[in-house]
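Heads up, the thing below is written out as structure tokens.
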Amino acid sequence: MPIITLTTDFGEKDHFAGAVKGAIYSELEDIKIVDISHCVSPFHIAEAAYIIQNAYKSFPKGSIHIIGIDSELTPENKHIAVLLDGHYFLCADNGIMSLITQDLRPKKIVEINIHDRVLSDFPVLDVFVKVACHIARGGTLDVIGKEISGIKELKDFTPAVYQNQIVGSVLYIDNYGNVVTNIPKKLFEKVGLGNPFTITARTVKFKTVYAKYSDAIDFDTPSDKREEDGKKLAIWNASGFLELAIYKSNPQTVGSASTLFGLYFRDTVKIDFEP
Amino acid sequence: MPIITLTTDFGEKDHFAGAVKGAIYSELEDIKIVDISHCVSPFHIAEAAYIIQNAYKSFPKGSIHIIGIDSELTPENKHIAVLLDGHYFLCADNGIMSLITQDLRPKKIVEINIHDRVLSDFPVLDVFVKVACHIARGGTLDVIGKEISGIKELKDFTPAVYQNQIVGSVLYIDNYGNVVTNIPKKLFEKVGLGNPFTITARTVKFKTVYAKYSDAIDFDTPSDKREEDGKKLAIWNASGFLELAIYKSNPQTVGSASTLFGLYFRDTVKIDFEP
Amino acid sequence: MPIITLTTDFGEKDHFAGAVKGAIYSELEDIKIVDISHCVSPFHIAEAAYIIQNAYKSFPKGSIHIIGIDSELTPENKHIAVLLDGHYFLCADNGIMSLITQDLRPKKIVEINIHDRVLSDFPVLDVFVKVACHIARGGTLDVIGKEISGIKELKDFTPAVYQNQIVGSVLYIDNYGNVVTNIPKKLFEKVGLGNPFTITARTVKFKTVYAKYSDAIDFDTPSDKREEDGKKLAIWNASGFLELAIYKSNPQTVGSASTLFGLYFRDTVKIDFEP
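So the protein sequences, as listed, match chains E, C and Z. Just so we're aligned, residue 30 is where the first sequence starts under this note's numbering, counting upward by one. Just so we're aligned, residue 30 is where the second sequence starts under this note's numbering, counting upward by one. Just so we're aligned, residue 30 is where the third sequence starts under this note's numbering, counting upward by one.
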């Protein structure tokens, strides 16, 4: 029996996520449900895309991912089911899938058309649960929708490339307050060709990108003599994106990369390579 | 095997919820446990009632709902188990069940009396887990308590009805900062008889109640020319209550209905119908 | 099949916890995963130790506890697997296990040495999941590491004892804002020998320690005439530690013991016994 995951902006307090799980278990007693996140900022499509993109690959092929962000059915927001990389995604066609499919071609996209059979005040509960359970039972996408060829595209979320320069932006602030950019390592290597570089984001600059956080620390110096906590660094994060970080930061106390560098969602981060 | 759900004010950080799940799995290896919410405001009975009331109906009949809010056993707060609408509820008799049972009669209420057999510093863990697992194994309520006829009643949580007027109040602020009132659609229709009306809450007024959020948006106007984000509206929410909302609000950034209208728990919301 | 639990500082929003669960289910379809907490303050080893210490005992013997706090592999932070009290703990050797093992001797400690077989950007996902699934399948610790005799010790987390005096400190602030100290009831009884005492923490003093919160309330006085909400009290909490509390406090509204007493992590709490 496949896994159904949930990524929503419902928050942790309201009844929404619990009600959705009850509805799934009411249809399929033996299914596994995994919460990926219910703390996406309300209606924040880019955040949701970043989270689901980095989580789904750990799940077995055939998993079904419900994305409950800005999912009310409107004339401009159809409901879609997408088969991509062996995984099923159920969401509104509000642009989120275009962020997830940047490097991958969906194998199949259908516009869900079961709405006449479902009374829907609460689309995640009413529509997506029905579709997810249908797929989990082995049902095909054709039964719940009609195939479409395109999805809504969101622009401005990929970095611009000029001669010797990449101009990206802040994609996500993580739980440690670290600043994740939209600049992937692959692009950096392709444009930079191994040349020296300077990363600039507001007033901070970096000339090295580490492979992991602790590479920025000199463990040969005794711990009471070395710069460590609060040290600023750039790394390739586990998702392959350029991240601007503070070593062992705590946003609740000493501040984080986001607050200390003054960097928030969509702020510019650029890399200049020496010719 | 039935499902056990948890609704508490334990929060997401402390060990309490994890410990309760460990205790349940220690008794019943194959049970399903679903978190409905651990983020109820501390000791906030009305919030907990709203959350559980809107979540439990999605679960299969026979589910067992542990409510860990203000659950210390005291001379005034007995522990009870209630069979209602085919579901079991375990909680303290602090008034919460009277909010859940407004329209429904419990089939059976017992005062739990296993406390002499259980050492209890932590009643959810010690008492409610024992009782829940007993019920999940198919045990009867009679074994764990003695039947009682009444429960503690909380007043002032239902709207007052005058000629051509309903005076209700704010029941809940949801994750989007939207303001849920205690005025159900059924009551509105019964009192209003289809006449024009004005909803007043502090300084905001509404003359229409939509069926869903996007009904307030004019999709015939191009999206860059129409009023949309930040638009105020009243809707019947998915739970059937009057809700005062801001379209696509984000409490963390631009503000929410609650903060923008200045409406908080128990503030007055009234509806005047034209005669 | 044993249970795998997760205690981390990943937060509830990011993809980390979801990705870890996906990776576990990818290896073991039928495993049970329980979130103990993902809301430990970033890199806060003492908080994590308090949470896991109070949660793990409720789980069945043989459970496997992944602790994802400060878990990057460095020359100073090896990865270890510890068999203690019938439970398995997987974490970095950053001192956290020394806080959990204060009263207990581990049966076996191994330094995990599978890193050459695992590409690791994200040690919880890459290394701890592998080891946890190995143990869950019945594998031995010897296959994934080499036995070591000692672990990193963290000092200063146990109270000092003088003649007629215990000097402890604040260990944890719970969801209700109550102040948990590091002074266990056992130590109090051993040093105090039943003599009268005064607990002093900043400017507040207590001369009684209750067995439970409601013991501080005089239920013989009618509820509208008695001091109740907001009453300060000291109790032995369900984990056996001295806790300084406010009866039915709500940190979001009226304040909590922590804010009202001005007590935070590591602040001093002392007990003077009369001779």
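Where is the CB? At the ideal position from N, CA and C, for every residue including glycine. It should be emphasised that the depicted structure is a prediction, and the values quoted were computed from it without experimental measurement.
Between which two residues does the beta strand (DSSP E) carrying residue i extend?
| i | result |
| --- | --- |
| residue 234 of chain E | 233-235 |
| residue 370 of chain C | Lying outside 30 to 304, the shown extent of chain C, residue 370 of chain C is not represented and no answer is given. |
| residue 195 of chain Z | 194-202 |
| residue 230 of chain Z | 226-230 |
| residue 170 of chain Z | Run containing residue 170 of chain Z: none in the beta strand (DSSP E); it sits in the alpha helix (DSSP H), 170-173. |
| residue 191 of chain Z | 189-191 |
| residue 34 of chain E | 32-37 |
| residue 139 of chain C | 137-141 |
Which residue marks the beginning of the alpha helix (DSSP H) containing residue i, and which one marks its end?
| i | result |
| --- | --- |
| residue 76 of chain E | 74-84 |
| residue 69 of chain Z | That residue, residue 69 of chain Z, is in no alpha helix (DSSP H); it is neither H nor E in DSSP. |
| residue 94 of chain E | Unbroken run through residue 94 of chain E is the beta strand (DSSP E), 93-97; no alpha helix (DSSP H). |
| residue 218 of chain C | 214-221 |
| residue 56 of chain Z | 45-56 |
| residue 290 of chain E | 286-290 |
| residue 261 of chain C | Unbroken run through residue 261 of chain C is the beta strand (DSSP E), 261-265; no alpha helix (DSSP H). |
| residue 60 of chain E | Neither: residue 60 of chain E is in no alpha helix (DSSP H) and is coded neither H nor E. |
| residue 301 of chain C | Premise fails: residue 301 of chain C lies in the beta strand (DSSP E), 297-302, not in any alpha helix (DSSP H). |
| residue 327 of chain C | The requested residue 327 of chain C does not occur in the structure, where chain C is confined to residues 30 to 304. |
| residue 119 of chain Z | Unbroken run through residue 119 of chain Z is the beta strand (DSSP E), 116-121; no alpha helix (DSSP H). |
| residue 125 of chain E | 125-129 |
Using the rule of at least 16 other Cβ atoms within 10 Å of the residue's Cβ for burial, across every protein chain shown, is residue i buried or exposed?
| i | result |
| --- | --- |
| residue 110 of chain Z | buried |
| residue 30 of chain C | exposed |
| residue 252 of chain C | exposed |
| residue 254 of chain Z | exposed |
| residue 178 of chain C | exposed |
| residue 362 of chain C | It is not possible to answer for residue 362 of chain C, since the shown part of chain C is limited to 30 through 304. |
| residue 172 of chain E | exposed |
| residue 37 of chain Z | buried |
| residue 259 of chain Z | exposed |
| residue 207 of chain E | buried |
| residue 293 of chain Z | exposed |
| residue 326 of chain Z | Beyond the ends of chain Z as shown, which are 30 and 304, falls residue 326 of chain Z; an answer cannot be given. |
| residue 224 of chain C | exposed |
| residue 249 of chain E | exposed |
| residue 189 of chain C | exposed |
| residue 219 of chain C | exposed |
| residue 215 of chain E | exposed |
| residue 159 of chain E | buried |
Return the Cβ separation of residue i and residue j in integer angstroms, given the expectation that the two are a contact with Cβ distance under 8 Å.
| i | j | result |
| --- | --- | --- |
| residue 123 of chain E | residue 175 of chain E | Wrong, their Cβ atoms sit about 19 Å apart, outside the cutoff. |
| residue 23 of chain C | residue 35 of chain C | Outside the displayed range of chain C (30 to 304) lies residue 23 of chain C, so it cannot be described from this structure. |
| residue 235 of chain C | residue 267 of chain C | At roughly 18 Å, the Cβ-Cβ gap does not stay under 8 Å, so residue 235 of chain C and residue 267 of chain C are not in contact. |
| residue 115 of chain E | residue 90 of chain E | 4 Å |
| residue 226 of chain Z | residue 271 of chain Z | Between residue 271 of chain Z and residue 226 of chain Z the Cβ distance is about 11 Å, and since that is not below 8 Å, they are no contact. |
| residue 95 of chain Z | residue 157 of chain Z | 5 Å |
| residue 228 of chain Z | residue 287 of chain Z | In fact, because the Cβ distance is near 16 Å, the residues do not count as touching under 8 Å. |
| residue 75 of chain C | residue 200 of chain C | 7 Å |
If we call anything under 9 Å between Cβ atoms a contact, is residue i one with residue j?
| i | j | result |
| --- | --- | --- |
| residue 164 of chain E | residue 93 of chain E | yes |
| residue 100 of chain C | residue 152 of chain C | yes |
| residue 193 of chain E | residue 304 of chain E | yes |
| residue 150 of chain C | residue 240 of chain Z | yes |
| residue 168 of chain C | residue 300 of chain C | no |
| residue 280 of chain C | residue 280 of chain E | no |
| residue 45 of chain Z | residue 204 of chain E | yes |
| residue 126 of chain C | residue 80 of chain C | no |
| residue 47 of chain Z | residue 64 of chain E | yes |
| residue 278 of chain C | residue 284 of chain C | yes |
| residue 113 of chain E | residue 128 of chain E | no |
| residue 102 of chain C | residue 137 of chain C | no |
I want to check one thing, is the minimum distance from the CB of residue i to the heavy atoms of the ligand HEM below 8 Å?
| i | result |
| --- | --- |
| residue 114 of chain C | As for the ligand HEM, it is missing from this structure, which has no ligand bound. |
Distance cutoff 9 Å, beta carbons only. Does residue i sit that close to anything in chain D?
| i | result |
| --- | --- |
| residue 117 of chain E | No chain D is present in this structure, whose protein chains are E, C and Z. |
Name the residues in the segment 58-82 of chain E whose C-beta lies less than 9 Å from a C-beta of chain Z; which are they?
Listed in chain order, the positions of the segment 58-82 of chain E with a beta carbon within less than 9 Å of a beta carbon of chain Z are 61, 63, 64, 65, 66, 67, 68, 69, 70, 76, 79, 80, 81, 82.
Give the residues from the segment 43-54 of chain C that approach chain Z closer than 7 Å (Cβ to any Cβ), ordered along the chain.
When CB distances to chain Z are screened at a threshold of 7 Å, the residues of the segment 43-54 of chain C falling below it are 43, 44, 47, 48, 50, 51, 52, 54, in chain order.
Closer than 8 Å, Cβ to Cβ, to anything on chain E: give me those residues from the segment 208-223 of chain C, in chain order.
Contact annotation: in the segment 208-223 of chain C, no residue has its CB less than 8 Å from a CB in chain E.
Using a Cβ-Cβ cut-off of less than 7 Å, give me the residues of the segment 96-114 of chain C that come near chain Z, in sequence order.
From the segment 96-114 of chain C, only 101, 103, 104, 105 have a Cβ closer than 7 Å to chain Z.
Beta carbons nearer than 8 Å to chain E: which residues of the segment 129-154 of chain C have them?
Considering only beta carbons, no part of the segment 129-154 of chain C lies closer than 8 Å to chain E.
Just by C-beta distance, which residues in the segment 273-286 of chain E are closer than 9 Å to chain Z?
Only those residues of the segment 273-286 of chain E whose C-beta falls short of 9 Å from the nearest C-beta of chain Z are listed: 277, 278, 279, 280, 281, 282, 285.
Return the residues of the segment 250-263 of chain C that lie within a Cβ-Cβ distance of less than 8 Å from chain E, sorted by chain order.
Within the segment 250-263 of chain C, the qualifying residues are 252.
With 8 Å as the C-beta to C-beta threshold (strictly closer), list the residues of the segment 192-207 of chain C near chain E in chain order.
Residues passing the 8 Å Cβ filter: 203, 204, 205.
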